[in-house]
Every structure is written in C-alpha cells, then in structure tokens.
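Visitor: Numbering (our numbering), first residue to last: 1451 to 1969.
Every residue, glycine too, gets a C-beta built ideally from N, C-alpha and C.
Got a structure for you, written out below as structure tokens; questions coming shortly.
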C-alpha cells in the first residue's frame, strides 16, 4: 500500500477526545484502529475542535440543551509547527498537534487548530465548533482542513496518496491542482462519499468560495468546470478523484443514480462500512456466543443491562427491569432516521410497555442548529415522562454508545430508504448480542441477505411511508418480545454475534480500501 493521508472532519477515537459528531467519526475511529493493527502506512488529518461538537445537557425542566465546554487534551503532542493559510485575503495561522499511535492504539493523526494567540479572535473561532452553523465559518473550516492539512502533511510525512472522507477537505484537491495540475490530482486523490441526503452534499456560491480562498489561486472558470455554479463539492470531488467509493451495496446504486448526470466523473465502487470489534465487543459475550453457552450469555447480558440501567436511573429517575426485553433507538437525531417512529401509534407502544413486553430507550444528538430535531428530542422527553419503561438519555458519545450497545436486546433502526448510506451502530450492537431490527436501508440490506435469521426486518423496502413501516415495526417488536429469553432467542443472539464479525469488522473494510482504493 502507498503511504496515504486520510482527511476527515471528525474522528471518534476514544471518549476523552471529543472531536466527533456521529457516524462519520465512529467509522474513521474504527478504521484507524484496524489499520494500526494491520500496520498500514496511514496517517490522519483532522481538526482539533476547542469546544467539540457540543455538550448535550439538560435544562432545569429536563429538556435537552446545547452547551459548549472548552476541551483540553494533555495526551496530544505539540509538534511545534505553525503554517499560514490564506482565508478571505488574510493570513490565518494553523497549529498542528499529533496523536501518537501508542496513545489509543491507532494510526497517527494530525489535529489542526486556529485557536492560538497568534490569530485574531475571528480566526481563532474557525476551530471552535465542529460543523459550525455559520456558513462562512464552515467554509473556513474546510479551507483549514484541506489546505492547512495538506501543508502540514507535506512538512511532516512522505505521502503518495490523499484520501478525503466526505468532500469537506476538497480545498486540498485545488491546492494540488494549483501546484501540479489536474492530471496529478486525478492520480493522487481518492474520495469516499457518504450521505445521500441533500444537506450532506454541500453546494455553495462559487464566487463566495473563490473570495474566501477555497480554490487557492485556481481560476474560477476551472473550478466551475469541475463543480458547476452553484458549486457542488461532491460533484467536484467525483471529477477530481482517481476513484470514489460508496459505503454499502445499496448506497452504490443510490450514488450512481444521484450523480448519473455528472460527466467526466471517476469510477464509483463500494466498500461497506464496518466497525472494530476489538474496541466495541464485550469479551465475555464474544466467548459465550462462540461456545453457544446460553446461560453464560444470559448472565452477562443481565449484568450489562444493570450497568446501563444505572445510567437510565441517574438521568431520568426511572428503574428498568433487566428481565424485560430492552429496545434501544440511538443515533444522530436527523429527520430521515425517524426517531419519532416508535411513538407513531402511542397506544400500541403503551400496550407493549404496559404488558411488560418491552422497555425502550432513546439517545442521540441533533445538530445544534437543527431546531426541528431538537423539538423532536424534547417531545420524546415529554412523552417518556408518563410512559413507564420508556426513557430518553442525553450525552450520546462513545461511552454511552458502548453502554447502550452492550445493555440492549434489540437495536432499533428506522431510516427512510434510501437515505441511510450505511449506518454502523447496529453492527456494534450485533457484536454484543443486541439483535438488529431495521428497515431495509444501509448495511441492513446486506446483513438481512447474508443471514436472514440473525435480525428482524421492518417492512419490504418498497413501501416507505411512516404508517406502513410503523405497523410493521410494532409487529416485529411483538414477535421479538414473544421470542425473548427462550432457547431460540439465545441461539439467534449467538448466531448474530458470531456472524456479524465475518464481514462487518473493520479489518475487512481496511483491507478493501487497500485493494480497491489505494492503487
């Protein structure tokens, strides 16, 4: 494999390092742990967010509240490097820190910040918050990551290939174009595209980008030829890269349909996302499932549920029963993921809860500027107050994510097809004997095809309206709860633990990147 630099806005490496928002970061974290074990010559480039994504806390009424608390990391090494980047015709200084591989057993990662005394206040705010809601700040973040990251890497490493995870770091492509021409870029740049949701495929006013320095010294006509006017970052990335990949089999089809009109684009392959079992999987669950020791698995699961329920009680004052099937809906709160679906028919959910067939927990962070998603979160807060056996938790980060995956029996996933590019939370839940229950979207399409008996599938993948899929979801919850804690249940749980790592483990994914992309 060629020495490769992997540029990504977020990395979820470990709980103390709060430089991520959701799935994109979780994926990058698992990839970097697996690549480290495989001894790949891979380095990361990301941003050191002074205030992280945000801290999800509660207000005095118990509703979610967005808070920003400054983060400090003594385990990052100051490599004594500052480089200049031009933004809005002004010089902004970018300082680099390095996460050495021995800290969290990952490939090394360079973290960039503008929050240093050498910059004025406005320049310092560029690296304050991940996915800043202010568009100008957001563009500046992309310039720092792309051009600043490129300059840092050139200074510190001997890199032969540049991999951009999503189109945010695209300015690096234009910096390479400026230095060496388009043919060189097409030989040295590869691209992973994720979300099919329009908001995830950024378009900007091309003149605004030019004025801010997004294209460096590249002529605006050249930029327009690559990304159009208004300028679409994904389209430009597809035209500038050697090869691109979607992140699941279904997502490849979705991506090809979405961008079928784009001429001169690079080939698009797919590498289904995966997660790192060594980080996510409970070892006792792993070995109990391997031996099909149902009693040992059951005992461990009850213990892990008690740990999770301590967090539930601490946050909500609700006492959950470890002997009842526990359903978890936990991921980024976004409209297409439909966090409201379990409450679509409140009477049906209430009956399942009253009959002690299920308990349910929600968790997840809406974007700090996504008012609708925050309203949905707080609506669920108000609904769960009066529902015994239902709760919603704040602070969905790596630590809570692990607790939920290990302590749940069913991992509920309700995206509206085909908006979920892949999704990976269900993979790590399945590694911990939490059975995946999902609509036919993202990675679940492949999982259900490989092992139809190892999960529960909602609907047919054709009818995607809320009413139909909610009805199917309640039927599946009823079916699962009738099966729960029987010999058949534990057999299904063991199969799920043993089978999911055959394909949905990060080492397979890392090897595919080397074989398909780093060529």
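Who are the near neighbours of residue 1512 in its chain, counting only those whose CB is closer than 7 Å to its CB and skipping five residues on each side?
Guide: For the purposes of this step, residue 1512 is taken as residue 62 along the chain shown, with counting starting at 1. Excluding sequence neighbours, residue 1512 sits near 1831.
Visitor: List the residues that DSSP assigns as beta-bridge partners of residue 1955.
Guide: Within the chain shown, residue 1955 is the residue found at index 505, counting from 1. Residue 1955 pairs with 1725.
Visitor: Just curious, the alpha helix (DSSP H) that residue 1733 is in, first and last residue?
Guide: By one-based count along the chain shown, residue 1733 stands at place 283. Start and end: 1733 to 1740.
Visitor: Can you check which of these residues, 1630, 1618, 1641, 1640, is closest to residue 1653 by C-alpha distance?
Guide: Walking along the chain shown from the start, residue 1653 turns up at place 203. The shortest Cα separation from residue 1653 among 1630, 1618, 1641, 1640 belongs to 1618.
Visitor: Please determine, among 1643, 1547, 1623, the residue with the shortest C-alpha to C-alpha distance to residue 1602.
Guide: Your numbering for residue 1602 matches position 152 in the chain shown. Here the closest residue by C-alpha is 1547.
Visitor: Alpha carbon to alpha carbon, how far is residue 1570 from residue 1459? Give it in angstroms, no decimals.
Guide: Taking the chain shown and counting its residues from 1, the one referred to as residue 1459 is at position 9. Taking the chain shown and counting its residues from 1, the one referred to as residue 1570 is at position 120. The alpha-carbon atoms of residue 1459 and residue 1570 are separated by roughly 23 Å.
Visitor: Taking C-beta to C-beta, are residue 1651 and residue 1682 nearer than 8 Å?
Guide: Residue mapping note: residue 1651 aligns to position 201 of the chain shown, counting from 1. Residue mapping note: residue 1682 aligns to position 232 of the chain shown, counting from 1. Result yes, Cβ atoms of residue 1651 and residue 1682 sit closer than 8 Å.
Visitor: Nearest-angstrom Cα distance between residue 1630 and residue 1580?
Guide: Numbered from its first residue, the chain shown carries residue 1630 at position 180. Numbered from its first residue, the chain shown carries residue 1580 at position 130. Whole-angstrom Cα-Cα distance: 31 Å.
Visitor: Let me know if residue 1757 comes out buried or exposed under the rule of 16 or more other beta-carbons within 10 Å of its beta-carbon.
Guide: On the chain shown, residue 1757 is found 307 positions in, with the first residue counted as 1. Exposed, since its Cβ has fewer than 16 Cβ neighbours within 10 Å.
Visitor: State the start and end residues of the unbroken alpha helix (DSSP H) segment that holds residue 1506.
Guide: The residue you call residue 1506 lines up with position 56 of the chain shown. Note, residue 1506: premise wrong, no alpha helix (DSSP H); beta strand (DSSP E) at 1505 to 1508.
Visitor: Give me the Cα-Cα distance between residue 1911 and residue 1531, rounded to the nearest whole angstrom.
Guide: Reading the chain shown from its first residue, position 461 is the one you call residue 1911. Reading the chain shown from its first residue, position 81 is the one you call residue 1531. If you take the alpha carbons of residue 1911 and residue 1531, they lie about 51 Å apart.
Visitor: Sort out for me which residues DSSP pairs residue 1561 with in a bridge.
Guide: Position 111 of the chain shown, counted from the start, is the residue given in the question as residue 1561. 1496, 1547, per the DSSP bridge assignment.
Visitor: Considering only C-alpha positions, which residue in the set 1614, 1917, 1648, 1763 is nearest to residue 1456?
Guide: As a first step, residue 1456 must be located in the chain shown, where it is residue number 6. Closest by alpha carbon: 1614.
Visitor: Could you pull the DSSP bridge partners for residue 1541 from this structure?
Guide: Sequence index remark: in the chain shown, residue 1541 carries index 91 (1-based). Residue 1541 is bridged to 1536.
Visitor: Kindly list the residues whose CB is nearer than 8 Å to the CB of residue 1515, restricted to its own chain and excluding five residues on each side of it in sequence; keep chain order.
Guide: Residue 1515 sits at position 65 when you count from the first residue of the chain shown. 1506, 1507, 1508, 1509.
Visitor: Excluding sequence positions up to five away, which residues of its chain have a Cβ less than 6 Å from the Cβ of residue 1673?
Guide: By 1-based counting over the chain shown, the position of residue 1673 is 223. Cβ neighbours of residue 1673 beyond the five flanking positions: 1665.
Visitor: Alpha carbon to alpha carbon, what distance is there between residue 1944 and residue 1657?
Guide: As a first step, residue 1657 is located in the chain shown; it is residue number 207 there, counting from the start. As a first step, residue 1944 is located in the chain shown; it is residue number 494 there, counting from the start. In a straight line, the C-alpha of residue 1657 is about 56 Å away from that of residue 1944.
Visitor: So if DSSP puts residue 1528 in a beta bridge, which residue, or which two residues, is it bridged to?
Guide: Residue mapping note: residue 1528 aligns to position 78 of the chain shown, counting from 1. Note: residue 1528 sits in a beta bridge opposite 1547.
Visitor: Between 1883, 1557, 1558, 1842, which has its C-alpha nearest residue 1740's C-alpha?
Guide: Numbered from 1 along the chain shown, position 290 holds the residue referred to as residue 1740. When each option's Cα is compared against that of residue 1740, the closest is 1883.
Visitor: Where residue 1742 and residue 1941 are concerned, what is the direct C-alpha to C-alpha distance, given to the nearest angstrom?
Guide: Looking up residue 1742 in the chain shown gives position 292. Looking up residue 1941 in the chain shown gives position 491. Cα to Cα, residue 1742 sits roughly 7 Å from residue 1941.
Visitor: Heavy atom of the ligand FAD less than 7 Å from the Cβ of residue 1780, yes or no?
Guide: By its list of ligands, the structure shown contains no ligand whatsoever, and the ligand FAD lies outside what it can speak to.
Visitor: Can the beta-carbon of residue 1963 be found closer than 8 Å to that of residue 1452?
Guide: Sequence index remark: in the chain shown, residue 1963 carries index 513 (1-based). Sequence index remark: in the chain shown, residue 1452 carries index 2 (1-based). Result no, Cβ atoms of residue 1963 and residue 1452 do not sit closer than 8 Å.
Visitor: Which residues in the same chain have their Cβ closer than 6 Å to the Cβ of residue 1627, if we skip the five residues on either side of it in sequence?
Guide: Within the chain shown, numbered from 1, the residue matching residue 1627 stands at position 177. Only 1635, 1668 meet the Cβ criterion.
Visitor: Report buried or exposed for residue 1583, applying the criterion of at least 16 other Cβ atoms within 10 angstroms of its Cβ.
Guide: As a position in the chain shown, residue 1583 is number 133, starting the count at 1. By the 10 Å Cβ count, residue 1583 comes out exposed.
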